[in-house]
Each structure stands twice: as structure tokens, then as C-alpha cells.
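Protein chains in written order, with the working numbering: chain U, 29 to 108; chain A, 10 to 392; chain E, 41 to 527. All C-beta atoms, glycine included, are put in the ideal place defined by N, C-alpha and C. Notes for the one structure printed next.
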Amino acid sequence: MDREELFERLNTVFRDVFDDEDITVTDLTTANDIEDWDSLEHINLMAAVEEEFGIKFTMGQIVSMKNVGQMADIIQEKLG
Amino acid sequence: MRQFIMKHKNFIKIAAFLCIFLFLLQTVTYIIRTNGLVKDRFTGFYGEKNNTLDVVMIGSSPVFPCFAGAKMYGSHGFTAYPLSSNMQRPMAALSLVKETEKTQHPKLYLFELKQFTANEEDMADNMAYTRGVTDNMKYSWNRIDAINRAVPEVGERYTYYFDIFKYHSNWKTMVLPSQIACWRYERLEPLKGFEFKADYYPMEQLDCSQVTDMKPIEADYEGYLRELLQYLQDHDMQALFTVAPYVYESADKQRNYNYMQRIVESYGYQFLNLNDYTEEMGFDYATDFYDKGVHTNAIGAEKVTDFLGAYLDQHYDLPDHRLSSTAQQSLDQRQLEQAEKDHENYKSWDQAYERWSQQMEESRAGLQEKIAAGAYLDQKAQD
Amino acid sequence: MNITSFQFLCFFTVLLALYYIIPKKMQWGLLLIASIGFFQAAGEWWLIIYPVTTIMIIYFGALYLHRVKEQKKKQIVLSLVVVLCVFLLCILKYFHLGLLAPLGISFYTLTLLGYLFDVYYEIGEPETNIGRLALFGYYFPTMISGPIVQYKEVKDQLYAGHAFDYTRVTFGLQRMIWGFFKKLVISERMGLVVNTVFNQYQDHSGLTVVIGAVCFTFQLYTDFGGCMDIVIGASEALGIILPENFDTPFFATNISEYWRRWHITLGTWLKNYLFYPLLRTKFFSTLPKKLKPKFGKKTAKKLTTYLAMLILWFTIGFWHGGLWKYIIGSGLLHWFYIVSGEVLEPLWKRLKTWFHVTDGSRGFVCFQRVRTFLLVTIGLIFFRADNVPAACHMLGSIFKEWNPEILWNGYLFELGLDWIEFTIAVVSLCILLLVSVLQQKKGIRERIAEKPLPVRWIIFFAAIFYVILLGNYGPDFSAAEFIYQGF
Chain U
29 MDREELFERL NTVFRDVFDD EDITVTDLTT ANDIEDWDSL EHINLMAAVE EEFGIKFTMG
89 QIVSMKNVGQ MADIIQEKLG
Chain A
10 MRQFIMKHKN FIKIAAFLCI FLFLLQTVTY IIRTNGLVKD RFTGFYGEKN NTLDVVMIGS
70 SPVFPCFAGA KMYGSHGFTA YPLSSNMQRP MAALSLVKET EKTQHPKLYL FELKQFTANE
130 EDMADNMAYT RGVTDNMKYS WNRIDAINRA VPEVGERYTY YFDIFKYHSN WKTMVLPSQI
190 ACWRYERLEP LKGFEFKADY YPMEQLDCSQ VTDMKPIEAD YEGYLRELLQ YLQDHDMQAL
250 FTVAPYVYES ADKQRNYNYM QRIVESYGYQ FLNLNDYTEE MGFDYATDFY DKGVHTNAIG
310 AEKVTDFLGA YLDQHYDLPD HRLSSTAQQS LDQRQLEQAE KDHENYKSWD QAYERWSQQM
370 EESRAGLQEK IAAGAYLDQK AQD
Chain E
41 MNITSFQFLC FFTVLLALYY IIPKKMQWGL LLIASIGFFQ AAGEWWLIIY PVTTIMIIYF
101 GALYLHRVKE QKKKQIVLSL VVVLCVFLLC ILKYFHLGLL APLGISFYTL TLLGYLFDVY
161 YEIGEPETNI GRLALFGYYF PTMISGPIVQ YKEVKDQLYA GHAFDYTRVT FGLQRMIWGF
221 FKKLVISERM GLVVNTVFNQ YQDHSGLTVV IGAVCFTFQL YTDFGGCMDI VIGASEALGI
281 ILPENFDTPF FATNISEYWR RWHITLGTWL KNYLFYPLLR TKFFSTLPKK LKPKFGKKTA
341 KKLTTYLAML ILWFTIGFWH GGLWKYIIGS GLLHWFYIVS GEVLEPLWKR LKTWFHVTDG
401 SRGFVCFQRV RTFLLVTIGL IFFRADNVPA ACHMLGSIFK EWNPEILWNG YLFELGLDWI
461 EFTIAVVSLC ILLLVSVLQQ KKGIRERIAE KPLPVRWIIF FAAIFYVILL GNYGPDFSAA
521 EFIYQGF
């Protein structure tokens with residue numbers, strides 16, 4: 029899957045989770061850029077992303093990912 | 010030099026900061042040490058010019074309401090100053106001698122021995138008695154030594170070394186001019202350490218003249234006494250060991266004094282129990298005590314002082330610093346000028362005697378009134 | 041050894057001097073020895089069995105977790121180690137060893153467990169040198185009452201050599217003075233009022249109780265916050281930067297934000313090692329789907345979160361001491377605040393339009409801060425009161441009497457602080473507030489460092505003597521322990 033397509037799908041997930049149709053994420057998007065993205069929503073987001081791509085993050089990845097770019101890297105790696 | 014400073018700039022800064030801090034800490038502590046008569050007495054001692062004291066009187070609370078240095082000066086011309094605090098602990102005597110020797114070289118040390126008959130158990134618990142001495146000394150190695158001797162609990166000593174731990178809650182007194190004046194712990198005391206007691210309590214003498222046997226004092230105290238005597242002997246200092254008049258709780262006290270007399274005399278020093286001379290001084294047990302036979306009042310003090318002053322003048326070679334008319338007659342102009350110049354250092358003693366005489370008259374009048382009315386101390390307290 | 045004691049100052053001075061004299065390679069060894077000494081000075085010698093045992097367990101547990109790849113085995117070993125550590129902790133804490141219990145054992149246990157979890161989740165590598173691991177767990181500044189450090193945050197600093205850095209050392213010492221100011225000048229004073237009101241709570245009502253409760257909030261903050269300033273400052277002087285535990289918590293505008301600013305490292309720990317794993321369990325990850333048909337997607341998600349939060353807050357409360365007053369006061373009550381805040385969101389919105397308030401306006405923010413402060417204070421009444429009934433009694437008694445006259449009839453000065461002492465407390469709180477506000481824009485120490493030397497020194501001497509003269513310590517005062525040390 030190329031990066032563009034991945035981000036398209038991520039956008040769908042984000043819009044769904046945060047209930048905001050205007051969200052467009054980039055490599056550098058962080059929790060600070062999205063109002064409702066707190067520690068609680070983070071877990072919901074993770075669950076939604078996992079469902080979308082059919083993968084499973086480790087706890088280490090969940091705690092340590094710094095921005096959406098890193099998230100995308102991990103997803104790409106998992107999908108091979 | 011410049012290079013050295015640049016290279017060690019930070020360390021010099023740290024050292025300077027610490028020095029200023031310690032100086033400020035010392036100054037602040039001197040200022041906020043609890044104000045009162047004991048502090049006045051010690052700051053007064055430090056305030057005396059170097060080498061102007063002829064007699065230093067060391068001991069507990071019987072000393073300062075009884076031996077009036079100003080009066081001795083007025084009558085005999087020598088200067089005597091009390092380094093005494095309430096329930097002074099026996100181990101403090103040696104520390105106070107060492108402290109005195111730093112600035113004064115008195116011809117005579119006078120020790121009052123009542124404290125040596127106390128119970129260590131009663132005294133050790135009470136840090137106030139230790140602090141009466143150590144917290145009134147200037148910072149020095151001798152002070153640290155005095156603390157180490159008096160405070161057995163090693164873990165507690167730091168609150169004595171740094172007495173700000175105790176006195177910082179006195180910060181409100183920092184605004185008092187009298188406290189600020191103590192910033193160097195030197196401040197002349199107008200009465201030269203004497204305290205007037207203008208009340209009386211009728212007592213009767215406990216006759217112990219037939220008691221000649223002895224009873225040892227506490228072993229520790231005997232050790233301190235011997236240590237003190239040894240030190241005096243080694244340093245060739247003159248000393249007189251006395252007991253101020255008071256009513257013994259029991260004949261055992263007389264036995265204690267008999268015991269101490271033997272020790273004192275064995276070192277070649279003189280022992281003078283003033284209780285044995287109350288008749289000669291005309292001391293009246295019914296009117297001359299301030300409280301229950303422990304401390305003398307102003308009238309009693311005058312009698313004891315007169316006797317003791319004359320005794321010291323007679324037995325020891327003490328100078329006369331007064332500018333008396335009889336002495337002046339035999340002097341030529343240059344000698345006279347010199348005498349006046351020498352006297353500069355003793356002017357405060359003239360003033361002290363004047364003040365003492367005036368207050369003595371007031372106290373005497375007040376006391377006589379009370380005695381006539383039979384209004385002694387306890388009765389008043391009950392009212 | 042209390043960290044506001046003269047003994048600690050001596051201990052620290054000697055350590056600091058030695059630390060920068062000896063070769064850098066030996067520095068961490070010295071810290072380990074000093075930390076053990078510090079720990080031993082606090083209690084019976086045989087208590088060393090506890091840290092030695094836990095460190096051994098954690099050390100070998102972590103090595104095993106790193107080596108074995110089989111998930112099942114890993115889980116079993118992890119559970120075993122956690123249960124064992126918590127069991128040891130409980131023995132010391134709850135079975136009347138309380139009096140003998142060494143300092144901050146809960147903090148110590150959480151710190152080491154965090155390390156173990158990191159290895160388990162493959163976030164961090166295990167430490168192969170047991171001495172280094174011991175220093176991480178034992179490090180004396182954090183041992184008393186946190187901050188709870190994460191191994192990955194400090195490992196590069198703890199064992200590295202540190203050259204003497206004038207600015208860093210002096211900044212650290214300055215921060216310590218600030219901590220002493222909070223603890224000795226403010227907290228101890230507040231404590232006098234707090235004791236009067238809480239110890240004879242039956243005798244007080246109305247505004248008096250409110251004052252007592254507010255004083256306790258300040259007491260706890262300046263006590264815990266002051267302790268943090270001292271230990272973080274001490275550590276900074278040693279070249280080791282610890283994470284912050286407080287970020288002006290009373291500037292928070294709601295309870296969630298308050299908990300991001302108060303006891304930050306505990307929050308982080310619980311989030312990473314309790315809350316996230318909890319939400320990722322099968323039960324919680326499938327719960328929204330099960331609830332969805334009944335409540336709709338959004339509500340289902342929220343309900344799941346509320347349930348997980350309930351467990352989290354219960355744990356926070358329980359961690360403070362297993363008593364209901366803690367479980368309610370610093371646990372469930374806060375859960376209730378947050379949940380009710382969200383559930384009633386539509387109501388708040390309507391109220392806001394009624395009163396024409398706009399979010400972020402100065403007046404509204406101010407209101408939010410005061411409200412949050414008062415909500416926290418209510419929780420702390422439970423925390424400080426003898427027990428839950430006593431706390432309820434106190435809360436009820438607030439409304440029993442309307443007595444504003446105590447503000448001017450002099451009664452205020454009979455609660456433990458006369459008017460001079462009271463003035464000092466208020467002035468000191470104002471200094472605290474002022475510095476906190478200034479600190480928001482630029483660090484106060486950096487500001488002072490820009491001033492010329494005489495000005496700087498005058499500020500430092502003034503601060504030092506302010507604490508020396510106005511602090512409540514020494515033979516005239518009974519030395520109080522830090523409130524948080526027991527947890």
C-alpha cells in the first residue's frame with residue numbers, strides 16, 4: 029500500500045473517531061493538533077486503526093509513537 | 010593574579026557567598042538571641058574594653074543579685090564583673106575562664122560554688138541552663154568546646170552550635186533598637202551585670218556551725234571542679250572559691266561545702282563560705298533575702314558586697330582605678346594628665362557606681378516600706 | 041532523615057562535595073552508596089531486606105522477560121513478579137509495620153515495576169548491571185516521595201559522569217531553597233490551622249470549616265510541591281534532571297487538567313501501565329461493540345471509558361492508603377467530577393448561553409479555576425479527615441452556620457495563627473502565586489541570573505533568611521514529616 033492511500037484511510041479513521049469531517053492528518057500531526065486527542069481517545073484511536081488495517085500494535089508502540097508519521101511507518105511495516 | 014581570578018572565578022564566588030552568609034547568620038543570631046538580663050550581662054561583658062576587668066565572678070544565680078561590681082568599684086576602685094547565668098552548669102566554669110582569657114586577664118577569678126551541690130539529673134534535662142551559657146557566648150572554638158562538654162546528646166548539638174535553630178522564632182524582636190545594638194554581641198551594661206531585687210522573704214538561718222563532717226558531691230562535678238582547679242594552677246591564675254549567703258535546704262549542704270573546701274585547699278586555693286560571716290556583715294535573715302532564702306535582695310546584697318569588697322581589697326593586690334582626690338594631690342601636671350588618660354577606660358564604671366547608688370536608694374526605700382508593712386513576696390503573689 | 045532536617049543538609053553538602061571531587065566514573069557508585077545510607081538512616085537495619093529482595097526479583101524478572109519470546113510464559117512471569125512485589129509492599133504498608141516502614145516504598149515499587157513493564161512491552165532494554173538497577177530504584181531524591189521516574193528517562197543521566205557545572209549546581213540549590221520556603225514557611229503554618237479545624241471538627245462550622253479545608257489544600261500542595269522542589273533541585277545539583285511532578289495545578293480549569301498538573305508522574309505511570317493495558321484487554325476492547333446496539337456508538341464508547349476510569353480512580357484512591365476516605369477523596373470523587381462534567385455537558389452549554397459567557401474569557405477562566413480548586417478541596421476534606429463520616433459531617437457543617445463575622449471579629453486568629461503569623465502566611469502565599477505566574481512566561485531562576493551580581497545575591501540572601509527566620513522548624517517546633525512520605 030502506498031503512503032498516499034494509507035493516509036486516505038487514516039483520515040477516514042480519524043474523522044470517524046474524533047467526529048470531525050475537517051480533519052486531514054499529515055506525517056507531522058500530533059495529539060496537540062487535534063482537540064479531543066487525549067490519552068483516553070488515544071486508545072480508541074488505536075483500536076480503530078487496528079480494526080481498519082487488521083493489525084495489532086504492541087503496548088510499546090502505542091505509548092511511544094510521537095506523531096501520525098510514526099504511526100504510518102509502523103502500519104506499513106506490519107503490512108509488509 | 011588576574012588569570013588566577015578568572016580561572017577560579019566560580020570558586021571564589023562560592024567562597025565569598027558562604028563567607029557573607031556566615032557573617033550574616035552570626036549577626037542575625039546575635040541580634041535575635043532572646044533579650045533579657047542574662048543576655049545583657051554577657052553582651053556587657055564582651056562590651057568591656059580589653060584588659061580592664063580585675064575580677065571576674067563566675068557562678069549561678071546567687072552571683073548577680075548579690076555581688077555588686079559597681080559598688081566594689083565605688084568603694085575600692087577595682088572592677089569586678091559577673092559571668093553568671095541561672096543554674097549555671099558546673100562544667101561551664103572552665104569554658105568561661107577560657108572565654109575571659111581571650112580579652113581580659115583578671116587578677117582574680119571568683120567562683121560561686123552553689124551549683125556544684127546540685128543534682129545532675131535535675132539539670133541535664135534542662136537545656137535552658139546549658140543555653141544560658143553557650144547561647145550567650147560569641148562564636149568561637151571555645152564555644153563549640155563548651156557545647157561538647159555540656160551536651161551529651163551528640164545528635165542534638167547542632168541546635169546549640171547553630172542556635173538560630175532555637176531563636177529564629179524571636180524574629181519579631183529584630184526591630185528593637187536594644188537587640189540591633191547586639192549585632193556584635195558587645196553592648197555595655199549600665200549596672201555592670203548587677204540585678205536589683207526589691208522584695209523580701211523572711212527566713213531563719215539553719216545553723217550548721219557544728220557540722221564538720223563531709224559528704225561528697227556528685228562524681229562528675231568533683232571532676233569538673235578538679236579540672237578547673239588544675240587549669241587555674243597550671244596557668245598560675247589567682248582564684249577565690251565562695252558561697253554566697255543562702256539558707257541551706259539541709260545540713261548535707263554544709264557537708265558538701267566542707268568536702269569542696271578540702272579539695273579547693275588541696276590545690277592551694279582559698280575557700281570562703283560567706284555564710285560563716287553573716288554576723289560580721291550584719292546580714293539579717295529575716296529581711297535580706299529576696300525569695301525563700303536562695304537569693305539576696307538589694308539590702309542583703311549591699312551588706313555582702315561591702316564585706317566581700319573589703320575582703321578582696323585586703324587579701325589581693327587589686328588596683329584602684331578611681332581618680333580620687335587624695336591620689337591626685339601628689340601628682341604633677343604630666344602625671345595627672347596621664348592618670349586622666351588612663352581613666353578614660355573606666356569612666357563607664359564611675360557612671361555605673363553613680364547609677365547603682367541611685368537605684369540602691371530607691372530599692373532600699375521600697376524594701377523598707379515593704380518590710381514595715383510585712384508585705385513579703387509570696388503574700389504579694391497571692392494578692 | 042527528613043529532607044528538611046539539618047542532618048539532610050549536612051549529608052547533601054558532603055555528598056555534593058565528594059561527588060565532584062571523585063573521578064566521574066565513580067560518581068554513580070557514590071550515589072548508590074549514599075542512597076543506601078540515606079535509606080538505612082530512616083529505619084531499622086534489617087529493612088534493607090525489602091529493597092534488596094525487590095531489586096533481585098525485578099532484575100531477574102526483567103532479564104527473563106527480555107529473553108523469552110513466548111507470550112504465555114512472559115505473562116505468567118510478569119504476573120508472578122508483580123504479585124510478589126505488591127505483596128511485599130502490602131506487608132510493609134498495611135500490617136502495622138507502618139511505623140517501621142522505610143521511606144516512600146510505594147514510589148520505589150512503582151518505579152521498579154514501571155521498568156519491568158517497559159521491558160515486558162519491549163519499550164526498553166533490561167539493565168544487566170544489578171548495581172545500576174539498584175541505583176535506579178534506590179536513588180535517594182526520588183525515594184522519599186517521587187517523582188516516579190521512568191528508566192528510559194534517566195538511564196543516560198544516572199550512570200554518566202557529570203562535570204561540575206556552576207550554573208546547574210547553583211540552580212539546583214536555588215530550587216532547594218524554594219522548596220524549603222514552601223515546606224517550612226507555608227505548609228507548616230497552614231498545618232496549624234488545619235490541625236485546629238480537623239482535629240476538633242465537631243466544634244467548627246460554616247466558614248471556619250471552609251478556611252480549614254482551603255488551608256489543607258495549600259498545606260498539601262506546598263508540602264508535596266516543596267518536597268519535589270527540594271529533591272528535584274538536589275538532583276539537578278548532582279547533574280541529574282528529574283521529571284516535574286507539578287505544573288501549577290491550581291491554574292487548571294477543570295479536573296482532568298488538574299490531574300495533568302498535579303502528581304504528574306503518578307498520572308503518567310497509571311496511564312501507561314494501568315489504564316492503557318486495561319483498555320486493551322479483551323473485555324474493554326469489545327465492550328463498545330456489545331453496548332452499541334443498545335446505546336449507539338458514541339454513548340457505548342463513553343460508557344466503556346467511564347467504566348475503565350472508575351477502575352483507574354479507585355486504584356489511585358486505594359494507592360493512597362486502602363482507606364475509604366482516600367478511595368473517595370482522591371479517587372471516586374474525582375471520577376464523579378469528570379464523568380458528571382461530561383454527562384452534563386449539554387446543560388453547561390445552555391447555562392453558558394444564558395449567562396452570556398464565552399469560553400476563554402478572563403472572567404470565565406477565573407471562575408473555572410476557583411471552581412476546580414473548590415472541587416479539589418472537597419476531595420481533600422476526605423483525604424485529611426479522620427474518616428468518611430467525619431468528612432461528611434464537616435461538609436454538612438459548612439452549611440449549618442452563616443458566620444462571615446469570623447473574618448473581622450478576631451476569631452480567625454484563634455485557629456492556630458495569630459495576626460502576625462497569619463499575615464506571614466498570606467504574604468508567603470502571595471509570593472508563591474506571583475512566582476508561579478512569572479514562571480509561566482519565563483523561568484524565575486533564569487530571570488534572576490540575568491541581574492547583576494549584587495542584586496542576585498541580595499535576592500538569595502533575602503530568600504535564605506526569610507526561610508531561616510520565618511520557617512517553622514527547630515526545638516521550638518515539633519518537626520512534621522512530609523504528608524506524602526507515608527504513601
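Three-state secondary structure assigned by DSSP to residue i
i, result
"A:Tyr167", "helix"
"E:Ile131", "helix"
"A:Leu327", "coil"
"A:Met66", "strand"
"E:Tyr366", "helix"
"A:Ser93", "strand"
"E:Ile270", "helix"
"A:Thr61", "coil"
"E:Val507", "helix"
"U:Phe46", "helix"
"E:Phe204", "coil"
"A:Ala207", "coil"
"A:Val106", "helix"
"A:Ala332", "Reading off the sequence, residue 332 of chain A comes out as Leu, not Ala. Coil at A:Leu332, not helix or strand."
"A:Phe73", "coil"
"U:Met93", "coil"
"A:Arg11", "helix"
"E:Arg107", "helix"
Reference residue i, options the options, closest by Cα
i, options, result
"A:Tyr210", "A:Asn306, A:Met269, A:Glu165 and A:Leu119", "A:Asn306"
"A:Gly291", "A:Leu281, A:Val273, A:Val313 and A:Phe280", "A:Val313"
"A:Glu108", "A:Leu122, A:Glu121 and A:Ser93", "A:Ser93"
"E:Phe310", "E:Ile368, E:Glu382, E:Gly357 and E:Thr236", "Sequence inspection shows Leu at residue 310 of chain E; the Phe mentioned does not correspond to that position. It is E:Gly357."
"E:His244", "E:Leu510, E:Leu457, E:Ile418 and E:Met434", "E:Met434"
"A:Tyr251", "A:Ile67, A:His244 and A:Leu31", "Sequence check: residue 251 of chain A is Thr here, not Tyr. Taking only the C-alpha atoms, the option nearest A:Thr251 is A:Ile67."
"A:Tyr138", "A:Val106, A:Arg166, A:Arg152 and A:Met96", "A:Met96"
"E:Asn235", "E:Leu457, E:Tyr513 and E:Tyr104", "E:Leu457"
"E:Ile76", "E:Ile498, E:Leu118 and E:Leu175", "E:Leu175"
"E:Ala74", "E:Thr93, E:Thr53 and E:Pro63", "E:Thr53"
"A:Arg235", "A:Asn128, A:Ser275 and A:Ala24", "A:Ser275"
"A:Tyr266", "A:Gln239, A:Asp229 and A:Cys217", "A:Cys217"
"A:Gly4", "A:Leu27, A:Ala384, A:Lys206 and A:Ala101", "This structure gives no information on residue 4 of chain A, because the portion of chain A shown stretches from 10 to 392."
Rounded Cβ spacing between residue i and residue j (contact assumed at less than 8 Å)
i, j, result
"A:Leu117", "A:Val64", "5 Å"
"A:Lys80", "A:Tyr362", "7 Å"
"E:Pro283", "E:Pro187", "5 Å"
Residue i, buried or exposed, once every other Cβ within 10 Å from all chains shown has been counted against 16
i, result
"A:Phe87", "buried"
"A:Gly202", "buried"
"A:Phe60", "Residue identity check: residue 60 of chain A is Asn in the sequence provided, not Phe. Looking at its Cβ environment, which holds fewer than 16 other Cβ atoms inside 10 Å, A:Asn60 is exposed."
"A:Asn135", "exposed"
"E:Arg229", "buried"
"E:Asn427", "exposed"
"A:Gly302", "buried"
"E:Trp448", "exposed"
"E:Gln240", "exposed"
"U:Asp61", "exposed"
"E:Val233", "buried"
"U:Met29", "exposed"
"A:Ile308", "buried"
Opposing strand residues paired with residue i [DSSP bridges]
i, result
"A:Glu121", "A:Thr251"
"A:Gln279", "A:Leu249"
"A:Phe298", "A:Thr305"
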